[in-house]
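J.: Quick note on our numbering: the sequence shown kicks off at 12 and runs consecutively. C-beta atoms are modelled at their ideal positions from N, C-alpha and C, and glycine is treated no differently. Have a look at this one.
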Amino acid sequence: MIKINENYLELQDSYLFSTVAKKVKAFQEKNPNAKVIKLGIGDVTRPLVPEVIKAMHKAVDEMGEPETFKGYGLEQGYEFLREKISEYDYKKRGIDISIDEIFVSDGAKCDCGNIGDILGINNIVAITDPVYPVYLDTNVMAGRSGKFNKEKGHYENIVYLEAKAENNFEPDLPSKVPDMIYLCFPNNPTGTTLTKAQLKKWVDYAKENKSLILYDSAYEAFITEDDVPHSIYEIEGAKEVAIEFRSFSKTAGFTGVRCAYLIVPKELKGYTINGKEVALNGLWNRRHGTKFNGVSYIVQRGAEAIYSEEGQKQIKENINYYLQNAKIIKNGLEEAGYTCYGGVNAPYVWLKVPDGILSWDFFDRLLEKCNVVGTPGVGFGPCGEGYFRLTGFGTKENTEEAIKRIKEKMSNL
Ligand code: PLP
């Protein structure tokens with residue numbers, strides 16, 4: 012008889028994006044002439060930049076010639092790409108990350124889930140609330156969460172790190188010490204960040220308690236302010252306590268192309284039950300080489316192209332385009348009387364829903380009155396209730412039109 016992984020039965024259905032889609036569909040059927048604008052999108056919309064396309068075309072041609080054809084590559088990634096990552100994403104910021112600490116993959120989403128393979132099942136996990144749902148769900152699947160408490164909206168073994176306006180979206184250090192701490196900055200969905208001093212508190216805490224920080228900086232390319240760290244390794248001592256997730260998805264429009272990387276420093280150690288130190292780099296290298304066969308040559312050549320001078324210029328134009336949209340949203344909403352967070356170092360604007368209204372009710376009103384679609388904050392965790400996410404990933408024209416409608420029809424003055 013086949014036994015299933017019963018942890019999967021503990022997963023709570025995420026109705027968020029399917030409910031959004033259903034509601035929008037029903038509205039459009041009832042109002043076929045309404046021009047609905049979607050500012051809920053978490054995906055990029057601008058095409059790949061010319062430098063990436065050029066590099067990928069060249070790589071395709073190489074694959075068609077016997078002298079330059081490539082079969083399986085290194086599972087960890089081609090050295091040409093890992094060298095660029097080491098040089099441009101780290102050494103240029105004064106951080107020493109060598110290429111054998113870099114693991115190229117097909118996505119930060121997979122990395123966030125797969126990393127659990129090398130970590131003990133009895134580890135206590137802390138996640139910020141609200142946050143990108145993958146950290147929680149993958150730990151539920153692995154069996155680290157315990158049972159779900161419907162009343163609290165919490166799993167019994169998960170430590171929730173609350174991030175809301177009252178604490179300026181800087182979660183307090185937990186009183187129950189976790190073994191694994193997921194931090195995501197710039198944050199999805201709030202768009203907020205930590206300063207170097209704020210992040211240092213977490214690094215020091217992890218060092219003191221021998222905890223591991225799983226740092227997701229998928230949105231680091233959107234950082235515009237000086238005091239906001241792009242990498243956790245900008246903080247002294249972080250290489251002893253942190254793994255970092257990075258992705259080309261939002262940085263260079265690779266959501267459909269798929270390329271990301273994970274940093275596992277050599278000095279980072281985990282422990283056996285008997286307290287023996289084991290280097291995580293070696294464990295991950297083994298896991299990656301056993302279960303993954305590398306990202307395609309063509310894709311890695313495309314990723315490499317973003318590090319050329321022209322490539323950097325071109326991807327920055329796209330990032331600035333999204334950031335400009337986020338600014339239009341934030342400024343416009345503030346003029347309309349709303350309180351907003353994020354949008355400066357991230358493509359996400361986190362809007363405070365007027366007092367007494369639930370985030371799903373706000374969704375309905377925005378759709379009905381302004382024909383604008385966003386994402387209810389509660390879908391990202393219980394602390395997201397009372398908030399609403401809008402993103403800069405639409406077109407400038409649609410973003411301006413959406414804000415104009417909100418100002419006209421839903422000012423909060
Ligand atoms: N991490 C965060 C915080 C995200 O918001 C996303 C995608 O939305 C990802 C990771 C996924 O990245 P990838 O496309 O590399 O799988």
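1. Using 8 Å as the Cβ pair cut-off and three pairs as the minimum, do the stretch 149 to 161 and the stretch 398 to 412 touch?
2. Less than 7 Å between the CB of Thr266 and some heavy atom of the ligand ZN, yes or no?
3. Quick check on the DSSP output: the beta strand (DSSP E) that includes Phe91 runs from which residue to which?
4. Does Met426 come out as helix, strand or coil in the three-state DSSP assignment?
5. Can you find a heavy atom of the ligand PLP that lies under 7 Å from the Cβ of Ala263?
6. Determine the closest residue to Tyr349 out of Val310, Gly392, Gly397 and Ala249, with distance taken between C-alpha atoms.
7. Whole angstroms are fine: how far does the CA of Leu59 sit from the CA of Lys69?
8. Tyr143: beta carbon under 7 Å from a heavy atom of the ligand PLP?
9. Under a three-way DSSP split, which group does Thr149 fall into?
10. Less than 6 Å between C-beta atoms, sequence neighbours within five positions excluded: which residues of the same chain meet that for Leu401?
11. For Val214, which three-state DSSP category applies?
12. Pair every Cβ in the stretch 232 to 252 with every Cβ in the stretch 290 to 309, then say whether three or more of these pairs are closer than 8 Å.
13. Mind checking which residues open and close the beta strand (DSSP E) that includes Asp100?
14. Looking at the secondary structure, which residues open and close the alpha helix (DSSP H) in which Gly300 lies?
15. Within 10 Å of its beta-carbon, does Pro77 have 16 or more other beta-carbons around it, so buried, or fewer, so exposed?
16. Mind checking whether the beta-carbon of Asp140 lies closer than 7 Å to any heavy atom of the ligand PLP?
17. Quick one: what does DSSP say Tyr333 is sitting in, helix, strand or coil?
18. May I ask you to verify whether the stretch 242 to 257 touches the stretch 312 to 328, counting CB pairs closer than 8 Å and requiring at least 3?
19. Do Leu378 and Met421 have their beta-carbon atoms positioned less than 8 Å apart in this structure?
20. Return yes when at least one heavy atom of the ligand PLP lies under 7 Å from the C-beta of Gly390, else no.
21. Beta carbon of Pro141, beta carbon of Gly395: below 8 Å?
22. For the beta strand (DSSP E) holding Ser116, just list the boundary residues, first then last.
23. For the ligand PLP, I want to know if Gly118 counts as a neighbour, meaning its beta carbon is within less than 7 Å of at least one of the ligand's heavy atoms.
24. Please confirm whether Val35 and Val47 have their CB atoms less than 8 Å apart.
25. Roughly how many whole angstroms lie between the Cα atoms of Asn304 and Cys270?
26. Please report the distance separating the alpha-carbon of Cys381 from that of Ile417.
27. Can you round the beta-carbon distance between Leu27 and Gly390 to whole angstroms, since I take them to be within the 8 Å contact cut?
28. Examine the ligand PLP and report whether any of its heavy atoms sits within less than 7 Å of the Cβ of Asp227.
29. Which of helix, strand or coil does DSSP assign to Lys163?
30. Fully enclosed by the stretch 210 to 294, which alpha helix (DSSP H) runs are 4 residues long or longer?
T.: The relevant details are as follows:
1. no
2. Inclusion of the ligand ZN in the displayed structure is not the case, the ligand content consisting of the ligand PLP alone.
3. First-last for Phe91: Glu90 to Lys95, but that is the alpha helix (DSSP H), not the beta strand (DSSP E).
4. An answer regarding residue 426 cannot be provided, because it is not within the stretch 12 to 424 covered by the chain.
5. no
6. Gly397
7. 15 Å
8. yes
9. Helix, per DSSP.
10. Leu50, Ile340, Val360 and Gly385
11. helix
12. no
13. Neither: Asp100 is in no beta strand (DSSP E) and is coded neither H nor E.
14. Leu291 to Lys302
15. exposed
16. no
17. helix
18. no
19. No, the pair does not count as a contact, with Cβ atoms beyond the cut-off.
20. Flag unset: Cβ of Gly390 not near the ligand PLP.
21. Contact: yes.
22. Per DSSP, the continuous beta strand (DSSP E) segment holding Ser116 begins and ends at Ile113 to Ser116.
23. Yes; taking the cut-off as 7 Å, the Cβ of Gly118 has a heavy atom of the ligand PLP nearer than that.
24. yes
25. 13 Å
26. 6 Å
27. 3 Å
28. yes
29. coil
30. Counting only runs of 4 or more, we get 259 to 263.
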